[in-house]
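Residue numbers (my numbering), protein chains in the order written: chain A, 1 to 367; chain B, 1 to 214.
Virtual Cβ for every residue (Gly too), placed ideally from N, Cα, C.
Note sheet for the following structure.
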């Protein structure tokens with residue numbers, strides 16, 4: 001557990017970057033610090049590993065005041081990931097990852113073998129081990145950064161906008177892998193971002209900071225969306241809060257209707273027969289995975305990939321209400337496609353039924 | 001050409017002396033310039049005075065410096081130590097700024113990451129900052145090497161034997177051959193030193209040659 005107690009940082013010249021911040025970051029959880037630029041989120045992060053010393057207040061890690069610890073020892077116990085990775089350009093991928101183990105005095109062979117394991121863990125091909133960072137893509141560099149921070153298996157990870165420098169598709173990939181990794185490792189993570197969507201996606205708890213480094217609200221993402229503490233937090237959260245909040249509610253009991261399907265490649269007559277007058281017909285592959293919708297009456301020949309309408313999203317049974325509702329809203333037939341964990345079709349659900357489920361949810365009372 | 005063939009041994013000896021007189025100060029100069037450059041980089045207020053004052057040293061005419069050295073050091077006028085120390089001064093003059101620039105070229109986020117991993121102080125300087133400054137320092141070193149080769153020859157006026165002696169000798173005897181041989185030998189020496197530094201720097205910085213982002 002990391003505990004900040006009344007932590008203040010005033011820079012020479014009198015600007016307060018952080019003011020009277022008290023915050024507890026529970027062990028094994030992801031705490032996201034989010035806020036506009038100038039809210040002191042990075043300063044706060046760097047005070048935890050003493051790269052910046054607080055002007056007043058104390059920071060405890062597992063009950064020990066960090067001010068009483070040797071900064072080098074403290075830092076080697078905390079993985080640190082920054083935007084772009086901050087990799088050593090003059091060291092190979094493997095040697096970058098082995099940095100902290102070598103500092104801790106492990107022998108070279110053990111450090112390298114652990115580094116190779118970390119590469120695998122973060123999804124880097126072993127062929128990249130001898131490359132230099134400038135030979136890697138942005139996403140790969142970021143993975144090396146994460147692997148390097150994890151190498152000595154520190155209980156704490158400090159991450160400063162680690163996924164900001166990559167394009168949106170890669171970012172989402174990295175975020176998903178990061179969550180999977182955390183489910184496996186259970187580190188105590190402090191994560192800084194300016195992106196509220198990232199905060200909501202990744203955080204077990206989210207601390208919204210305002211300019212000047214005061215805590216505006218500390219809450220779980222669902223609670224934050226449902227009940228922002230003030231106008232600042234509400235503005236910062238942005239639009240569609242109700243809809244986004246549904247991402248945190250599981251949809252267990254939706255009435256699922258069976259859906260007639262044709263296999264890709266079926267001829268037009270089969271499609272029209274199966275549709276039995278329905279405007280849209282669901283097309284699946286041999287493994288029963290949904291591919292898209294067709295309008296049988298418009299078909300001039302067989303059901304081909306070119307005839308598919310792919311606008312509909314697919315939700316997983318037992319997934320969130322948001323995914324189920326979006327599947328229904330995005331489907332041209334307005335029937336939302338539900339699949340099981342292996343991606344096989346289970347049936348469809350209607351927006352109405354999802355809404356009924358939403359209304360059945362106990363209403364939160366404003367606190 | 002005939003003169004050259006007949007004096008091969010003599011030219012060879014002069015070349016070796018010339019090379020030593022140019023290279024030894026280069027090595028001592030780098031060793032001295034690194035801490036000075038570090039000071040100029042580390043303490044902002046020191047940068048201007050250090051860079052300007054060492055840079056000014058380079059404006060002292062070489063002949064004057066060679067003549068001054070025995071007076072300052074108490075050495076004999078023919079002592080090669082005069083040349084070594086004078087050229088060390090020039091090397092330092094050229095390299096302090098280069099070292100400071102090289103250290104400043106190390107990306108901030110790399111230093112940050114190093115610090116955050118507990119790589120600090122002297123260890124960080126030798127394992128992160130200095131290796132990353134090598135390309136910039138090597139570029140300055142190449143300039144200093146060529147400059148040294150050229151300045152050494154001036155010491156011939158004081159009677160210190162090296163390739164420059166061929167110029168004074170040829171001039172005194174109104175004989176062109178040794179002068180031409182001296183010029184060519186100086187140029188070759190400068191080229192070889194330049195190449196050695198270039199290759200050495202490449203070997204020290206394999207990462208700079210690896211391709212662009214995949």
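Strictly below 8 Å CB to CB, what residues from chain B border residue i?
i	result
residue 82 of chain A	109, 112, 113, 116
residue 51 of chain A	112, 115, 116
residue 75 of chain A	115, 116, 117, 118
residue 384 of chain A	Since the first residue shown for chain A is 1 and the last is 367, residue 384 of chain A is missing from the structure and cannot be characterised.
Leaving out five residues before and five after residue i in sequence, what residues of the same chain have Cβ atoms less than 6 Å from its Cβ?
i	result
residue 189 of chain A	30, 157
residue 225 of chain A	241, 244, 245
residue 89 of chain B	57
residue 71 of chain A	50
residue 101 of chain B	136
residue 3 of chain B	177
residue 183 of chain B	none
residue 385 of chain A	Absent from the model: residue 385 of chain A. The displayed extent of chain A is 1 to 367, so no value can be given.
residue 170 of chain A	139
residue 41 of chain A	33, 35, 192, 209
residue 204 of chain A	29, 30
residue 46 of chain A	52
Which residues in chain A sit within 7 Å of residue i, going by Cβ to Cβ distance?
i	result
residue 89 of chain B	Going along chain A, no residue has its Cβ under 7 Å from residue 89 of chain B, so there is no contact; the nearest lies around 31 Å.
residue 128 of chain B	88
residue 120 of chain B	72
List, in order along the chain, the chain A residues whose C-beta lies closer than 9 Å to that of residue i?
i	result
residue 215 of chain B	Residue 215 of chain B falls outside the range modelled here, since chain B spans only 1 to 214, and no answer is possible.
residue 59 of chain B	The premise fails here: residue 59 of chain B is roughly 35 Å from chain A at the closest Cβ pair, so nothing lies under 9 Å.
Please go through the same chain and pick out, in chain order, the residues whose beta-carbon is closer than 7 Å to the beta-carbon of residue i, but skip the five residues on each side of it.
i	result
residue 148 of chain A	96, 97, 99
residue 80 of chain A	49, 149, 158
residue 364 of chain A	Summary for residue 364 of chain A: the model assigns pLDDT 46, below 50, so the residue's position carries little reliability; its value from the coordinates is reported in the next sentence. Closer than 7 Å at Cβ, skipping near neighbours: 226, 227.
residue 37 of chain A	194
residue 366 of chain A	In this prediction, residue 366 of chain A has a pLDDT of 41, which is less than 50 and means its spatial position is unreliable; nothing more can be read from the coordinates.
residue 303 of chain A	262, 264, 265, 266, 271, 283, 294
residue 311 of chain A	330, 332
residue 254 of chain A	324, 349, 353, 354, 357
residue 232 of chain A	210, 216
residue 131 of chain A	92, 93
residue 212 of chain B	Low local confidence applies: a pLDDT of 47 at residue 212 of chain B is under 50, so the model's placement there is unreliable, and no value is given.
Determine the chain A residues that contact residue i at a beta-carbon separation under 8 Å, and present them in chain order.
i	result
residue 3 of chain B	Correct list: empty, because the minimum Cβ distance to chain A is about 50 Å.
residue 149 of chain B	What residue 149 of chain B touches in chain A: nothing, since even the nearest Cβ is about 30 Å away.
Find the residues of chain B that neighbour residue i, judging by a C-beta separation of less than 9 Å, and give them in chain order.
i	result
residue 103 of chain A	117, 118, 119, 123
So, for residue i: in the same chain, excluding its five sequence neighbours on each side, which residues have a beta-carbon less than 8 Å away from its beta-carbon?
i	result
residue 124 of chain A	93, 140, 143, 144, 147
residue 41 of chain B	47, 99, 100, 103, 104
residue 316 of chain A	323, 338, 339, 340, 341
residue 110 of chain A	101
residue 36 of chain B	50, 54, 92, 96, 99
Assuming residue i contacts residue j (C-beta within less than 8 Å), just tell me the rounded distance between them.
i	j	result
residue 152 of chain B	residue 18 of chain B	6 Å
residue 32 of chain A	residue 207 of chain A	7 Å
residue 162 of chain B	residue 155 of chain B	7 Å
residue 178 of chain A	residue 202 of chain A	7 Å
residue 199 of chain A	residue 18 of chain A	Not quite, the Cβ-Cβ distance comes to about 18 Å (not below 8 Å), so this is no contact.
residue 70 of chain B	residue 60 of chain B	The Cβ separation is near 15 Å, so there is no contact.
Quick one: is residue i near chain C, going by C-beta distance under 8 Å?
i	result
residue 100 of chain B	Here chain C cannot be found, since the structure's protein chains are A and B.
Which ranges would you report for the alpha helix (DSSP H) in the segment 26-50 of chain A if only whole runs of at least 4 residues count? Counting only runs that start and end inside the segment 26-50 of chain A, the alpha helix (DSSP H) elements of at least 4 residues fall at 41-48.
Would you call the segment 139-146 of chain A and the segment 160-167 of chain A in contact, with 3 or more CB pairs under 8 Å? With a cut-off of 8 Å, the segment 160-167 of chain A and the segment 139-146 of chain A count as touching, because enough Cβ pairs lie within range.
When you compare the segment 88-103 of chain B with the segment 145-156 of chain B, are there three or more beta-carbon pairs, one atom per stretch, that lie closer than 8 Å? Three or more Cβ pairs closer than 8 Å define a contact, and the segment 88-103 of chain B meets that threshold against the segment 145-156 of chain B.
Where are the beta strand (DSSP E) runs, 3 residues long or more, that stay fully inside the segment 203-287 of chain A, in chain order? The DSSP assignment places 205-210, 214-219, 261-263, 281-284 as complete runs of the beta strand (DSSP E) inside the segment 203-287 of chain A, in order along the chain (cut-off: 3 residues).
Specify whether the segment 81-88 of chain B and the segment 56-67 of chain A touch according to this definition: at least 3 beta carbon pairs, one from each stretch, less than 8 Å apart. No contact exists between the segment 81-88 of chain B and the segment 56-67 of chain A.
At least three beta-carbon pairs within less than 8 Å, the segment 102-111 of chain A to the segment 126-135 of chain A: Touching, no.
Between the segment 16-32 of chain B and the segment 275-283 of chain A, are three or more C-beta pairs nearer than 8 Å? Touching, no.
Would you list, in sequence order, the uninterrupted alpha helix (DSSP H) runs of no fewer than 4 residues that lie entirely inside the segment 26-111 of chain B? Qualifying alpha helix (DSSP H) stretches, in chain order: 44-57, 62-73, 80-104.
Counting Cβ pairs closer than 8 Å, one from the segment 289-296 of chain A and one from the segment 340-349 of chain A, do we hit at least three? Contact holds: three or more Cβ-Cβ distances are below 8 Å.
Unbroken stretches of the beta strand (DSSP E), 3 residues or longer, contained in the segment 146-192 of chain B: Counting only runs of 3 or more, we get nothing.
Quick check: the segment 115-126 of chain B against the segment 23-30 of chain B, are there 3 or more CB pairs under 8 Å? Segment contact: the segment 115-126 of chain B against the segment 23-30 of chain B, fewer than three CB-CB distances shorter than 8 Å; contact not assigned.
Three or more beta-carbon pairs under 8 Å between the segment 120-135 of chain B and the segment 109-124 of chain A, yes or no? In short, these stretches do not touch, since the Cβ pair count stays below three.
Hey, which unbroken runs of the alpha helix (DSSP H) at 4 residues or more fall wholly within the segment 102-150 of chain A? For the segment 102-150 of chain A, whole alpha helix (DSSP H) runs of length 4 or above, ordered along the chain, are 108-121, 138-150.
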